[in-house]
Amino acid sequence: MKGTCVIAWLFSSLGWWRLAQPETDASQCQRAEHPVISYKEIGPWLREFRAKNAVDFSQLTFDPGQKELVVGARNYLFRLQLEDLSLIQAVEWGCDEVTKKACYSKGKSKEECQNYIRVLLVGGDRLFTCGTNAFTPVCTNRSLSNLTEIHDQISGMARCPYSPQHNSTALLTAGGELYAATAMDFPGRDPAIYRSLGILPPLRTAQYNSKWLNEPNFVSSYDIGNFTYFFFRENAVEHDCGKTVFSRAARVCKNDIGGRFLLEDTWTTFMKARLNCSRPGEVPFYYNELQSTFFLPELDLIYGVFTTNVNSIAASAVCVFNLSAISQAFNGPFKYQENSRSAWLPYPNPNPNFQCGTVDQGLYMNLTERNLQDAQKFILMHEVVQPVTSVPSFMEDNSRFSHVAVDVVQGRDMLVHIIYLATDYGTIKKVRAPLAPAAGSCLLEEIELFPERRGEPIRSLQLLHSRSALFVGLQEHVAKIPLKRCQFHRTRSACIGAQDPYCGWDMVMKKCTSLEESLSMTQWEQSTSTCPVSARVPRPQKAPPLGTQLS
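Spelled out as structure tokens, the structure:
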């Protein structure tokens, strides 16, 4: 209980930092004795792909048959075999000299004036991909089976960021519409959620209106039912005392066609709500900055990784939100400010339970039922979206998590959620989610992806349940880690003591196996009731440099 606990106490005593400590197992400072799997130890299971001159492996996706991994790196596209990450096809997609010179003339560096792949979306047998193209973004439609076969090339404006430093998100719907959240201009001062392609008219969020979007950092997007959802963090326009960042869930109707005379070419159904992830207490401690999400559609759950501000004490938390709680916030009252000198007050929702219904008569035919004047004024919801439990599912001080992926595992007695967390110093933390609302989580192990803890941030994290594998994008390579490594535990005590929901001891075969490998569940022994503790002396954790920015 030393280390971060002492640091927290010191800062609290000085009045700089106060952490509310609820009486729960989940509020305990994380023990340093959790098992750490070194790069050497994970080596027999690890698969890696590297390519000469290729860096920034930040975009990963899978083909529809889940046999190939498609990778976007700086100036390159790759197709890899899922089994061993062997190369199927490599395509160079750089910038021409004219575009580079134009980029240099605007004061950008050689490093910036490259083609960083930022959109990589599979639609049927096609791959839609966009790159920054030396601050002149461009998109192509390619054959998924042959990436050199380009069907068309279009501007990447409003579909892809200009700068590789700008966060963005995009998705393709089954109808062929592209929803993108990105900066629309070279300096990055015009962020927008924009729809293009398909048969519906292009729409965007209102331009230069901080009540719609206020310096956002876009995180993720999902196509769910009648709506497209976006998750991001932004400067809180409703916060009157100084500058602070809040995390948001926003949504638009997929059948929105914009307004008539008012809100033309603009969303009429855009709404947003604050997401709360905090450590409860008399004075709650807030994790305000959303970094990553993971959606479990079969359970309507959204896992989110939240951190403190980059200039404050490092701390991270995982909060879980039910889609119904997000919908409840959107069905409730709005938060409205009459003018810049007025207070933000709740305002009744004229369309509770709005499900994207449309008007079918007169001049406003096919417009959504939402009044256009209301759509222009009422953007922010009054109610804050609360997580499924009052205490975050997992918390850790002195760490910044950048990505999250979740697997649902069938244990011997119950379904267990396993949370994989990417750190900004190049490790993956494997966490067992709480088994009951009042229970705590368990840090099962930490996997090192580099020898000697080099401290390199992770760029991308994808989990493929059907292949029981985790795929990690890094600066200089891609890595594949199997989720089940039961052979790692050679004795019964090690197998049971690992508390790993993937593994159990087969009493007949006398070895550690997965449930699928065991001949019968009756001879398969497993425990997930406590947290594992490493028998080895823990090594000091290398903290990231002060001021490290997450993507």
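Numbering (mature numbering (1 follows the signal peptide of the UniProt record, and there is no 0)), first residue to last: -22 to -1, 1 to 529.
Backbone N, C-alpha and C fix where the C-beta goes; we use that ideal spot for every residue, glycine too.
This structure is a prediction, so every number in the text was calculated from the model and none was measured.
Do Glu70 and Tyr54 count as a contact pair if the criterion is CB distance below 8 angstroms?
yes
Chain-order list of residues whose beta-carbon lies under 6 angstroms from that of Ser438 (same chain, five-residue window excluded):
Ser36, Leu38 and Gly451
Taking the DSSP output, what are the residues bridged to Asn195?
Arg211
Going by DSSP in three states, Ser305 sits in which element: helix, strand or coil?
helix
Alpha-carbon to alpha-carbon, Glu374 and Glu434
19 angstroms
For Pro412, which residues of its own chain have a beta-carbon under 8 angstroms away from its beta-carbon, when the five flanking residues on both sides are left out?
Ala4, Thr367, Ser371, Gly418 and Ser419
Check this for me: beta carbons of Arg432 and Asp402, under 8 angstroms apart or not?
no
Cβ contact check for the region 19 to 31 and the region 457 to 476: 3 or more pairs under 8 angstroms:
yes
Nearest to Asp391 by alpha carbon, out of Val97, Asn317 and Cys481?
Cys481
Whole-Å CB distance - Phe196 paired with Phe208, under 8 angstroms assumed
7 angstroms
In whole angstroms, give me the CA-to-CA distance for Asn376 and Ser290.
10 angstroms
Is Ser5 helix, strand or coil by DSSP?
Confidence at Ser5 is low in this model, with a pLDDT of 37, below 50, so the placement of that residue should be treated as unreliable; the coordinate-derived value is given next. Three-state DSSP puts Ser5 in a helix.
Can you find a heavy atom of the ligand COA that lies under 7 angstroms from the Cβ of Ser121?
Of the ligands one can find in the structure shown there are none, so the ligand COA has no counterpart to examine.
Can you grab the Cα-Cα spacing for the pair Leu98 / Gly389, in whole Å?
34 angstroms
What does the Cβ neighbour count give for Cys219, buried or exposed, with the cut at 16 atoms within 10 Å?
exposed
Contact belief for Leu241 with Gln354 at Cβ below 8 angstroms, rounded distance in angstroms:
6 angstroms
From the DSSP output, in three-state form, read off Lys78 for me.
helix
Could you tell me which uninterrupted alpha helix (DSSP H) segments, each at least 4 residues in length, are contained entirely in the region 113 to 148, listed from first to last along the chain?
none
Determine which residues share a DSSP beta bridge with Ser256 and list them.
Tyr264
Run through DSSP, which three-state label would Ile20 get?
helix
Runs of beta strand (DSSP E) wholly within the region 41 to 92 (minimum 3 residues, chain order)
46 to 51, 54 to 59 and 65 to 70
Are at least three pairs of beta-carbons, each pair with one atom in the region 163 to 171 and one in the region 135 to 148, less than 8 angstroms apart?
yes
Whole angstroms are fine: how far does the CA of Val223 sit from the CA of Leu191?
12 angstroms
Between Leu350 and Ala214, what straight-line distance do the alpha-carbon atoms span, to the nearest angstrom?
24 angstroms
Determine the DSSP secondary structure at Gln269, reduced to helix, strand or coil.
strand
Within 8 angstroms, do at least three Cβ pairs link the region 253 to 263 to the region 310 to 325?
no
Report the rounded CA-to-CA distance for Leu268 versus Ser498, giving the unit in angstroms.
43 angstroms
Specify the secondary structure class of Thr500 as computed by DSSP and reduced to three states.
helix
Classification of Val234 by the beta-carbon crowding that lies within 10 angstroms, buried from 16 upward:
Before going further, note that residue 234 is Asp rather than Val in the sequence given. Buried, since its Cβ has 16 or more Cβ neighbours within 10 Å.
When the Cα atoms are used, what is the spatial distance from Cys509 to Ser302?
31 angstroms
Give me, in chain order, the residues of the same chain whose beta-carbon lies closer than 8 angstroms to that of Asp278; leave out the 5 immediate sequence neighbours on both sides.
Asn300, Leu301 and Ser302
Separation of Phe56 from Arg167, as counted between CA atoms:
32 angstroms
If we count the other Cβ atoms within 10 Å of its Cβ and call it buried at 16 or more, is Tyr186 buried or exposed?
exposed
Measure the alpha-carbon distance for Gln8 versus Thr151 and round it to whole angstroms.
Bear in mind that a pLDDT of 43 at Gln8, under 50, signals an unreliable position, so the model cannot answer this.
Would you call the CB atoms of Asn309 and Pro330 closer than 8 angstroms?
yes
Report the three-state DSSP secondary structure of Gln388 (helix, strand or coil).
strand
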